[in-house]
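Protein chains: 2
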Amino acid sequence: MGLEIPWLKEASRRSRWLAGVSGGLDSMALLHVLKEEGFRDVVVCHLDHGLRGEESAGDAEFVNRVGEEMDFVVELGRVELREIMAASGASLETAGRKARHEFFGACARKYRCGRLLLGHHADDQAETVLWNLMRGSLGCRGMEALVEITMGGRKMEVLRPLLEVRKVDLERWMRESGFGWREDVSNAENDVVRNRLRNEALPLLEQIANRDVRPMLVKAAEVDAGWRELLEWAVEKVGVVDPQGRLHVKALRELPEILQRGAISDFLRSNGLEGLNSELLNRCVGLLSVDAGPAVNLPGGGYLRRRAGRLVFVGQ
Amino acid sequence: MGLEIPWLKEASRRSRWLAGVSGGLDSMALLHVLKEEGFRDVVVCHLDHGLRGEESAGDAEFVNRVGEEMDFVVELGRVELREIMAASGASLETAGRKARHEFFGACARKYRCGRLLLGHHADDQAETVLWNLMRGSLGCRGMEALVEITMGGRKMEVLRPLLEVRKVDLERWMRESGFGWREDVSNAENDVVRNRLRNEALPLLEQIANRDVRPMLVKAAEVDAGWRELLEWAVEKVGVVDPQGRLHVKALRELPEILQRGAISDFLRSNGLEGLNSELLNRCVGLLSVDAGPAVNLPGGGYLRRRAGRLVFVGQ
Numbered sequence: 020m021g022l023e024i025p026w027l028k029e030a031s032r033r034s035r036w037l038a039g040v041s042g043g044l045d046s047m048a049l050l051h052v053l054k055e056e057g058f059r060d061v062v063v064c065h066l067d068h069g070l071r072g073e074e075s076a077g078d079a080e081f082v083n084r085v086g087e088e089m090d091f092v093v094e095l096g097r098v099e100l101r102e103i104m105a106a107s108g109a110s111l112e113t114a115g116r117k118a119r120h121e122f123f124g125a126c127a128r129k130y131r132c133g134r135l136l137l138g139h140h141a142d143d144q145a146e147t148v149l150w151n152l153m154r155g156s157l158g159c160r161g162m163e164a165l166v167e168i169t170m171g172g173r174k175m176e177v178l179r180p181l182l183e184v185r186k187v188d189l190e191r192w193m194r195e196s197g198f199g200w201r202e203d204v205s206n207a208e209n210d211v212v213r214n215r216l217r218n219e220a221l222p223l224l225e226q227i228a229n230r231d232v233r234p235m236l237v238k239a240a241e242v243d244a245g246w247r248e249l250l251e252w253a254v255e256k257v258g259v260v261d262p263q264g265r266l267h268v269k270a271l272r273e274l275p276e277i278l279q280r281g282a283i284s285d286f287l288r289s290n291g292l293e294g295l296n297s298e299l300l301n302r303c304v305g306l307l308s309v310d311a312g313p314a315v316n317l318p319g320g321g322y323l324r325r326r327a328g329r330l331v332f333v334g335q
Numbered sequence: 020m021g022l023e024i025p026w027l028k029e030a031s032r033r034s035r036w037l038a039g040v041s042g043g044l045d046s047m048a049l050l051h052v053l054k055e056e057g058f059r060d061v062v063v064c065h066l067d068h069g070l071r072g073e074e075s076a077g078d079a080e081f082v083n084r085v086g087e088e089m090d091f092v093v094e095l096g097r098v099e100l101r102e103i104m105a106a107s108g109a110s111l112e113t114a115g116r117k118a119r120h121e122f123f124g125a126c127a128r129k130y131r132c133g134r135l136l137l138g139h140h141a142d143d144q145a146e147t148v149l150w151n152l153m154r155g156s157l158g159c160r161g162m163e164a165l166v167e168i169t170m171g172g173r174k175m176e177v178l179r180p181l182l183e184v185r186k187v188d189l190e191r192w193m194r195e196s197g198f199g200w201r202e203d204v205s206n207a208e209n210d211v212v213r214n215r216l217r218n219e220a221l222p223l224l225e226q227i228a229n230r231d232v233r234p235m236l237v238k239a240a241e242v243d244a245g246w247r248e249l250l251e252w253a254v255e256k257v258g259v260v261d262p263q264g265r266l267h268v269k270a271l272r273e274l275p276e277i278l279q280r281g282a283i284s285d286f287l288r289s290n291g292l293e294g295l296n297s298e299l300l301n302r303c304v305g306l307l308s309v310d311a312g313p314a315v316n317l318p319g320g321g322y323l324r325r326r327a328g329r330l331v332f333v334g335q
């Protein structure tokens, strides 16, 4: 086929898969890959965000037509994103993501399938890494090739088979194969930032470094995923929870700080805490120091308390 | 003093310290901080790279004068960097670093002091992170506030007390205090890239993100240092070396890949291997897979061999 997609080696052609398809290059490439590779039971999920009138409707018609020609099931959804934004006060990016999540969750229930394929590619990944890095707190984190996300109340397995493929290779393959796509489709993303990263920042960095920096950013995301895998392994390995389900302060103190944070974060989440942010986690880790106060209040009315050399989770 | 420098809380005012001082804002700020804070035994180490004729000589004279006014010992060195480059074929950056390392190593021997202070600040750190990220393989690695480096054959402890201080704060403090510095001093660095990152890339990213991104890059370097600390901890903790000093293949296979790499890398280095790069490490890690060949040749004539479920280091 001319595209290197590791996921294809293992993916079942007989299983049902949901595919998020906007009609743009990326997701149409995904769709054609599925068809060419003999996948039989694909549900093409397209959400019209209602943002660009007739053009939006044209995208939906295009996706519908191609999907039906492929003998795939097509599920079309439609929201009025501007109304949602006006009602909720959310940004375009946030409202769009929420609407898509709800739509995909509904598709998952309707078709009894929790596996969703998305068309993000390596150039998206490079932009994501750069953007996360600039926003802080996420380091070089990128999108994951396989990740569990709860969408519209349903646990979904989200897969990005094209994450290692360069956009230029997708485009070449699509052109050579004579496949079409819709330019400039609405994806309700924060387009201004994305476009400026793509069209200004990355070309400038490329010029300064005298090489294409996107593969380096993609590599950095892989390394970052490796670090997080190591942290998960270490949290499980380290055993700082005592038989009574409390955290052992002295054992925690001897660990690298990043592991202290990981272990405490894991402990709080496993006790059902939601809404843990970096600032709150800092205060919880602070309980390990001898001159700290004895407790940290948690969202929802509970608290984390230090007592007799242990950290105890007290629910509300 | 108006500058937040955590290192000052613990640093001994009576101990001897070497300070690398070019005469520019950063290192002059470092020097004045040391004087203001009551450090008594500072050796001001200045290397004239011989690159800009009279201006270089002027830098040396300036550093010498200020150092003597402070009652510090001043050690001036001089090299002809262009001649070194011509003879060795090294780049300006590489030759400059090597010359500085040899000079600082010689200072350490002469003054019997292995602690070297450098004036790198948070803006340098942000540029370093961005540059390392663009070059690949190093992720978000930055400079370290405290690191052991062998310079001119001598193990040195290199400290960067200003690494969390913004350049604008250093400059404000220097101006308010009436302290002078030399603009545009020769630092033999890869100035073109550095300057473009500083003057073009970072301002563009700042404009796109609508916030100063340098603190985020500095933060990313801290997180990266935390990850590497975790890896060191995990390599020590994991115990994959058997009593005969061989690596246990089955135990290694069960580890996250990044820890496999860390453990094998640590094992090779502890057996005295030098010149381990990423590509060679990949091949060594490959020995864990069942269908790999039985051995990988190492630089210097030795090899790493898989036998009876163990990896054995065989020296040349």
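These protein sequences, in sequence, are chains A and B.
Read in order, the letters of the first sequence are residues 20 to 335 in this note's numbering.
Read in order, the letters of the second sequence are residues 20 to 335 in this note's numbering.
We treat Cβ as the ideally placed atom computed from N, Cα and C, and that holds for glycine.
Computed from a predicted structure; not experimentally measured.
Ranked by how close their Cα comes to the Cα of G21 (chain A), the residues A:L306, A:T147, A:N214 and A:R194 have A:R194 in first place. Checking the DSSP bridge columns, you'll see W36 (chain B) partnered with B:V61. Sequence-distant Cβ neighbours of E276 (chain A) in its own chain, meaning closer than 8 Å and more than five residues away, are V304. The Cβ of V63 (chain A) sits no closer than 9 Å to any Cβ of chain B. At a cut-off of 4 residues, the continuous stretches assigned as alpha helix (DSSP H) that sit fully inside the region 67-135 of chain A are 72-88, 100-107 and 111-130.
DSSP lists B:L323 as the beta-bridge partner residues of V315 (chain B). Between the C-alpha atoms of H65 (chain B) and G96 (chain B) there is a straight-line separation of about 6 Å. Residues V148, N151, L152, L236, A239, A240, V242 and D243 of the same chain have their beta carbon placed closer than 8 Å to that of C159 (chain B), with the five preceding and five following residues left out of the count. Its chain contains V232 as the residues whose beta carbon lies nearer than 6 Å to that of L224 (chain A), once the 5 sequence neighbours on both sides are disregarded; these appear in chain order.
Of all residues in the region 248-267 of chain A, the ones placed with a Cβ closer than 7 Å to any Cβ belonging to chain B are E248, L249, L250, W252 and A253, in chain order. For W246 (chain B), the chain A residues whose Cβ falls inside 7 Å of its Cβ are W246 and I277, in order along the chain. If you look at I24 (chain A), you'll find it isn't in any alpha helix (DSSP H); DSSP assigns it neither H nor E. Within the same chain, Cβ atoms closer than 6 Å to the Cβ of L37 (chain B) are found at V62, C64, C126, C132 and L135, the five residues on either side in sequence being excluded. Spanning the alpha carbons of N296 (chain B) and G42 (chain B) requires a straight line of approximately 36 Å. Residue ranges of uninterrupted beta strand (DSSP E) with 3 or more members, entirely inside the region 131-201 of chain A and ordered along the chain, are 134-136, 165-170 and 173-178.
Per DSSP, the continuous alpha helix (DSSP H) segment holding V268 (chain A) begins and ends at V268 to R272. Under the DSSP assignment, L307 (chain A) falls outside any beta strand (DSSP E); it carries neither an H nor an E label.
When C-alpha distances from V177 (chain A) are compared across A:F91, A:H139, A:E146 and A:N218, the shortest belongs to A:H139.
Taking 9 Å as the cut-off, the beta carbon of L271 (chain B) is found no closer than this to the beta carbon of L323 (chain B). Counting along the chain, the unbroken alpha helix (DSSP H) around L236 (chain B) starts and ends at R233 to V257.
A distance below 9 Å separates the beta carbons of L249 (chain A) and W246 (chain B). Proximity to G171 (chain B) across B:S110, B:V212 and B:K129 peaks at B:K129, based on C-alpha coordinates. Inter-residue distance for E94 (chain A) and L165 (chain A) is about 23 Å (C-alpha atoms, whole angstroms).
Below the 9 Å Cβ cutoff, chain B contributes no neighbours of R272 (chain A), its closest Cβ being approximately 13 Å away. Look at the beta carbons and you see the region 102-115 of chain A not touching the region 79-89 of chain A: under three pairs across the two are nearer than 8 Å. About 6 Å separates the Cβ atoms of A141 (chain A) and E183 (chain A), confirming a contact at the 8 Å cut-off.
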